[in-house]
Structure formats: C-alpha cells, structure tokens
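Using this note's numbering, you'd call the opening residue of the sequence shown number 3 and step up by one each time. Heads up, the beta-carbon is just placed ideally off N, CA and C, and yes, glycines get one too. Working notes for the structure below.
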Amino acid sequence: MIELIFLGTSASVPSVERGLPALLVRFGRNRLLVDCGEGTQRQLLRSGAKFHRLDRILLTHAHLDHVLGLGGLTATLALNPRPGGVTIHGGAATLGFVRRYLLDGVWGGAAPPLALKFALVTQGLVFADSGNRVDAFAVRHRDTDSYGFRFVTAPRRHLIPERLAALGIPAGPARRALARGRAVVLDDGRRIAADEVLGPEVPGTSLAVVGDTGETASLVDAVRGVDALVIEASFLERDRRLARERGHLTAADAGRLAAEAGVGALYLNHISERYPPDQLLDEARRQFPRAILAEDLMVVTVGRERMRAV
Ligand SMILES: [Zn+2]
Ligand SMILES: [Zn+2]
C-alpha cells in the first residue's frame, strides 16, 4: 500500500493555507518524507502522523523552500533519538548543502545527538525493503542536482475465488495463509499449496514524485504508467516564458506529461498564490481530466483513483 499525506503544497514561500514543500509517503512498513520545507515538523503534528517511524528523508534538490525544515525537524528528533537514526537521501550537491547546513550550522561542528546518515542518490535504486523499492531518476531544474523518485510495491498474487470455492477452502486463517503464499492443511487432512489458488503475479502499486522541474520531455519514461504522479504546477500557461526562465512547469505542462505517460492520477503540487487554484486545475484538466490539486493535509491512498476512473 502507498499512502500520501501532503504536508506542504506551496511554491517558494508559504501562504496562510499552504506550507512549504513536504510529502509524507507511507510505503509498506516504511514512512518517508520527500522534501522538508520550513514548518514541516508542525505539519507532521497537525496531520496526526507525528514523527513515528520516520527514518528516511528523500530530497529532490537543495533549494531552500525544500530543505530548511531539516534543521528544526532533526533538532526535535534529537530530543528523543531512535536507535536507527535518520537517513537523508539526496544528490551530491544537495547533500553537500544539507551537510553544511546541519552539521556546521545547526550542530556547530559537534557530533549531532542523533545518528544522521547521508546517502548519495544517483539514478537507480535508492533502497528496497520486502520487495518494495524506490528508484531515483534525474530531473532538470535550473542549476541544481535534482532527482525524482519512483516507488513501487512488491508484485502480488491474488486468491482466485472460484478455486477457493471448488476446493472448499473456508474463509478465515486458511485463506489468509494461502494469500501469503503458504501451504495449508485443512481439517479433512487435505494439503493445499498456494499455487493451487493464487492467480498470476500482478504489478504492485506505483507512485512517482517530482519536485521542481523546468521540462517534462526527459520524464515521460521515468513516470510512465504509475498509478499516481505528484509534480509541480507553479505557473499558468499565460506565463510560460517566466516558468521556463525560472525552471518550472505550467499546469498544462504537468497535464500533458500525465497524459503522455499514461499515469492513473495526477496531483498538482508547488502551488503559487499568484493564481486562483481553480485556474491551475482547469488548465491541467484540459490535458488530463483526472488531475487533482493537492491541498495541505490531504490524504491519498494511491491506486484507488484508477479504479474510480474506470
Ligand atoms: Zn521549490
Ligand atoms: Zn527549486
């Protein structure tokens, strides 16, 4: 299962309604933060998620609106340090900045009281756990060292109801064990192997998260076919030139990418106060009808949207 909580959905500066960029991803038994804008720790509290099991932070890039919250968040985590510490994942330039900010700035050159680990992101695997995996792909955003992230849960096999009925397997623990791939012995002594009742492997749920980006052509393959795409929509098409100058997308760009890559749902993020939100949404929906404008504290279960859309 992949669940998202949008903690901060604004662009560059916060507004009354929107905090700076941060996205909490519940991914199997992991909880990860993608970006950590200023104020993220309070948004974690407001969301009810708190700091529970938060042991990885993935950074798209080191612009201040995406990373300044790390100082406050790590200072809070240090008050009650967990055994495994916190791992911060980012590209080389991103980690360079974050290390200086945290180790030299916040902690003044002394060893921080929590185990802070820094993991270099390059294209490809970021980490894997129980068949779930996160991969990184390069993103072009001004002069930064930016990455997007693709999350995929482990492929699954589902029970075939007709086979369960034909074999007379009762609802309850036997079916649950078979669903997990384990053989069972029924009360009448028959041994049933999982392969007898499980269908073919189906792909897991997938999510792509892109932070800021100045173009979409290089992203089509990286986000192709995901159940949900989260991406910035900082400008309207009428300010397309300004968007390009600043290394950002228009809402129409985001919609066109979603359509071309055949994603299940599109969440527009990095929202500027410059525009009425409805205009951003309308512009994206003209390209991709299943676009949704992210709001702070919005919770999304990835994969459900596609079913609703059919
Ligand atoms: Zn930004
Ligand atoms: Zn940026």
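query: Assigned secondary structure, F237 (DSSP; H/G/I helix, E/B strand, else coil); result: strand
query: V108 versus G73 - alpha carbon distance; result: 6 Å
query: Exposed unless 16 or more other CB atoms sit within 10 angstroms - verdict on R292; result: buried
query: Whole beta strand (DSSP E) elements within the region 184-211, 3-residue minimum; result: 200-204, 208-211
query: CB of I59 within 8 Å of CB of L81, strictly; result: no
query: Closer than 8 Å to chain B by CB, L34; result: Note that chain B does not occur in the displayed structure, where there is just one protein chain.
query: Sequence-distant residues of its chain with Cβ nearer than 8 Å to V312 (five each side left out); result: For V312, the predicted model reports a pLDDT of 37, less than 50, meaning its position is unreliable; a value from the coordinates is still stated below. If we look at V312 and ignore the five residues flanking it on each side, it has no Cβ neighbours.
query: Per-residue DSSP class, three states only, for T355; result: Outside the displayed range of the chain (3 to 312) lies residue 355, so it cannot be described from this structure.
query: Cβ-heavy atom distance, P16 to ligand 1, below 7 Å; result: no
query: Cβ-heavy atom distance, D147 to ligand 4, below 7 Å; result: Among the ligands modelled here, namely ligand 1 and ligand 2, ligand 4 does not occur.
query: heavy atom of ligand 1 below 7 Å from H160 C-beta; result: no
query: E164 versus P278: straight-line alpha-carbon distance, rounded; result: 52 Å
query: Residue from R135, G126, R159, A254 with nearest C-alpha to L238; result: A254
query: Span of the beta strand (DSSP E), counted from its first residue to its last, around T89; result: 88-92
query: Three-state class that DSSP yields for D223 in the structure shown; result: helix
query: Contact test: D67 Cβ vs ligand 1 heavy atom, cutoff 7 Å; result: yes
query: T124 in three-state terms, based on DSSP; result: coil
query: Helix, strand or coil at D57 [DSSP, three-state]; result: strand
query: Reduced DSSP category for H160 - H, G, I as helix; E, B as strand; rest coil; result: strand
query: Buried/exposed call for D197, threshold 16 Cβ in 10 Å; result: exposed
query: Span of the alpha helix (DSSP H), counted from its first residue to its last, around G41; result: Taken as a continuous stretch (DSSP letters only), G41 belongs to no alpha helix (DSSP H), as it is neither H nor E.
query: Residues that DSSP places opposite N271 in a beta bridge; result: E234
query: Which listed residue (V187, G191, H250, L25) has its alpha carbon closest to that of R142; result: H250
query: Continuous beta strand (DSSP E) stretch holding E19: start and end; result: Premise fails: E19 is in no beta strand (DSSP E) and is neither H nor E.
query: Backbone secondary structure at V69 - three-state DSSP; result: helix
query: Near ligand 2: D37 beta-carbon under 7 Å from a heavy atom; result: no
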